[in-house]
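The block underneath contains the structure these notes are about, expressed in structure tokens.
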Amino acid sequence: MTVRVRFAPSPTGKLHIGNIRTALMNALYAKRNGGVFVLRFEDTDFEREVRGAESQMLDDMAWLGMSPDEGPHKDGGFGPYYTMQRAERGDYKEALEKLFADGRAYECFVTKDELDLMRKIQSSQGKPPHYDNRHRDLTEAEKDAFRAEGRESVIRFKLNEGKIRFDDMVRGTVEFDAANLGGDPVIIRSNGVPIFAFGGAVDDVNQEITHVIRGEDHVTNTAIQVQIFEALGGTVPIFAHMPMLAAEDGSKLSKRLDSFSLQEMRAEGYHPLAILNYIASLGFSDMPKATTVEELAQQVDISKMGRSTVRLDVSQLKKSNAHILHELSYEGAKPFLDAVDAWKRVPEDKKETFWMVVRGNIERFDEIDPLVEICFATDMVSPALEADDKSYIESAVECLPASPYTEATWQEWTGTLKEKTSRKGKALFMPLRLALTGMSHGPELADLMPVIGEELTKKRLQSAVK
Ligand code: GLU
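Right, dumping it as structure tokens:
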């Protein structure tokens, strides 16, 4: 059996940390098991649909390095990959015909007012609100009468009584009583469009989906879908319901999603692998440090995922980014640096050396800004120096080595200065650092000197004693 998993978003917005996680866990599961990762758009919510959302999502997934193996961009023989196109082809009609023939679907004419009243009575009796299945067995004459009244109808799925059990890779065996699922669920709206719990189940059967990995908010839908899968004669997939994500302070994530949109994280200078490593750590105790998506897939075992709500933590995302950046080659970094403004101020012939010197000092690409200043600004304002440091810097100018500047230059220079001035330790290097970079901390001076070069070094030292 080939493992086939799917990511089935509604094209209603951007990729954000919540849906990236669903996509990622599916992508990793497929990779780990030699399977296929399918993308399917559930485009049934016309009012919330956002123009261009699909291509944006595909671009974002490609940027993250987790493009689906199969989807609207790449037909794998299980297309089309849009609910409405599958509806047009007749997929749901065919499934419905089977359900009707087997007595598992029926037309329901209940009005909104009737439903409201039903719920009011139920809650006054202390019962949870549910549809009471009152139109399960309407006669043709009763249906005609409702139609004559001008009532609209929906199609409901007839739930069988009893326990519903399914295996969940995160939650173990999950059990529901069919009586607690809110009554027979609507599967086709009055406008003929399938509800996703039905459409999705039909698609999962037809697309031979073997594993469904998604958020815990779908666990009740799953109970219903298990009966739908069985009624359709399909195989019930194996499920994994991941715990919900919360904002850093424990509040609902939904309100904060914009700041965790992929666009935002991209603009802030996060590397795709850092985002993936961080997201893949949610629900686990350790942060993976994978350098490829393949490696990540080997490190993440969804069956070990915890069950409690996970609070996001930006400091961990930064830490994950630092891991990647500190080891990142110039070639690997270049495309990301090209998107940062300050990078344009780095002279072409210094770009590679500059990156190798600063990468250990930053957590995000946009943090190169002050380091570009340190290395290349010709108008740096020198900090005030103590009187005896001024004479020290004057001697430092006198024994500055000549070009070319290499990794050995600093050693040579401070060696001479040590002998000449008998300064050592902090007294030896701190005034040099201040005069040279304007700051009391930063990358190793030995590394900086070849980047700053003789001319600028001299200029800065001289202006520091002026
Ligand atoms: N379109 C549904 C959603 O985005 C899909 C749920 C599922 O994975 O079946 O929530």
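If you want this note's numbering, it's the position in the sequence shown, counting the first as 1, plus 1417. Backbone N, C-alpha and C define an ideal beta-carbon position, used for all residues, glycine too.
So the candidates are the options; which of them puts its Cα closest to the Cα of residue i?
i, options, result
"residue 1504", "1451, 1445, 1615", "1615"
"residue 1458", "1500, 1431, 1422, 1472", "1500"
"residue 1623", "1650, 1719, 1863", "1650"
"residue 1552", "1602, 1540, 1584", "1602"
"residue 1632", "1830, 1443, 1868", "1443"
"residue 1591", "1618, 1600, 1635", "1635"
"residue 1539", "1509, 1462, 1599", "1599"
"residue 1820", "1749, 1430, 1875", "1875"
"residue 1431", "1691, 1671, 1849", "1671"
"residue 1580", "1569, 1823, 1597", "1597"
"residue 1509", "1574, 1532, 1832", "1574"
"residue 1516", "1717, 1858, 1846, 1572", "1572"
"residue 1828", "1770, 1849, 1877, 1462", "1849"
"residue 1558", "1536, 1526, 1582, 1548", "1526"
"residue 1767", "1567, 1747, 1780", "1747"
"residue 1691", "1867, 1733, 1477, 1653", "1733"
"residue 1589", "1724, 1749, 1835, 1793", "1724"
"residue 1605", "1567, 1523, 1620, 1531", "1523"
"residue 1720", "1637, 1697, 1735", "1697"
"residue 1780", "1750, 1792, 1482, 1531", "1750"
"residue 1530", "1643, 1548, 1716, 1786", "1548"
Just to check my reading of the structure: residue i and residue j have Cβ atoms closer than 8 Å, yes? What is that Cβ distance to the nearest angstrom?
i, j, result
"residue 1467", "residue 1428", "7 Å"
"residue 1578", "residue 1595", "5 Å"
"residue 1879", "residue 1814", "6 Å"
"residue 1745", "residue 1802", "Contact flag wrong, Cβ pair sits at about 36 Å."
"residue 1816", "residue 1841", "At roughly 16 Å, the Cβ-Cβ gap does not stay under 8 Å, so residue 1816 and residue 1841 are not in contact."
"residue 1740", "residue 1777", "Not confirmed; about 11 Å, so no contact."
"residue 1656", "residue 1718", "Not really, about 16 Å apart at Cβ, beyond 8 Å."
Quick one: using the 10 Å Cβ neighbour count with 16 as the cut-off for buried, is residue i buried or exposed?
i, result
"residue 1729", "buried"
"residue 1752", "exposed"
"residue 1587", "buried"
"residue 1800", "exposed"
"residue 1554", "exposed"
"residue 1659", "buried"
"residue 1824", "exposed"
"residue 1703", "exposed"
"residue 1847", "exposed"
"residue 1514", "exposed"
"residue 1629", "buried"
"residue 1506", "exposed"
For residue i, which residues from the same chain have a beta carbon less than 8 Å from its beta carbon, with the 5 sequence-adjacent residues on both sides left out?
i, result
"residue 1490", "1456, 1475, 1484"
"residue 1486", "1447, 1453, 1454, 1455, 1493"
"residue 1418", "1627"
"residue 1811", "1882"
"residue 1480", "1679, 1683, 1689"
"residue 1473", "1431, 1432"
"residue 1420", "1446, 1447, 1450, 1451, 1452, 1453, 1627, 1628"
Would you list the one or two residues that DSSP bridges to residue i?
i, result
"residue 1869", "Answer is none; residue 1869 lacks a bridge partner."
"residue 1574", "1522"
"residue 1589", "1585"
"residue 1491", "1488"
"residue 1580", "1594"
"residue 1478", "Answer by DSSP bridge pairing: none, since residue 1478 is not bridged."
"residue 1617", "Bridge partners of residue 1617: none, in fact."
"residue 1510", "None, per the DSSP bridge assignment."
"residue 1499", "1458"
"residue 1655", "1628"
"residue 1662", "1727"
"residue 1701", "Per DSSP, none; premise fails for residue 1701."
"residue 1529", "Answer is none; residue 1529 lacks a bridge partner."
"residue 1421", "1453"
"residue 1603", "1573"
"residue 1427", "Answer by DSSP bridge pairing: none, since residue 1427 is not bridged."
Sorted by chain position, which residues of the same chain lie with C-beta nearer than 7 Å to residue i's C-beta, five sequence neighbours on each side aside?
i, result
"residue 1789", "1759, 1762, 1763"
"residue 1830", "1816, 1817, 1818"
"residue 1673", "1664"
"residue 1512", "1619, 1649"
"residue 1699", "1438, 1662, 1727"
Just to confirm my understanding: we take residue i, look at its own chain, exclude 5 residues before and 5 after, and list those with CB closer than 6 Å. What are they?
i, result
"residue 1436", "1426"
"residue 1864", "1774"
"residue 1593", "1581, 1640"
"residue 1460", "1428, 1499, 1500, 1501"
"residue 1607", "1569, 1571"
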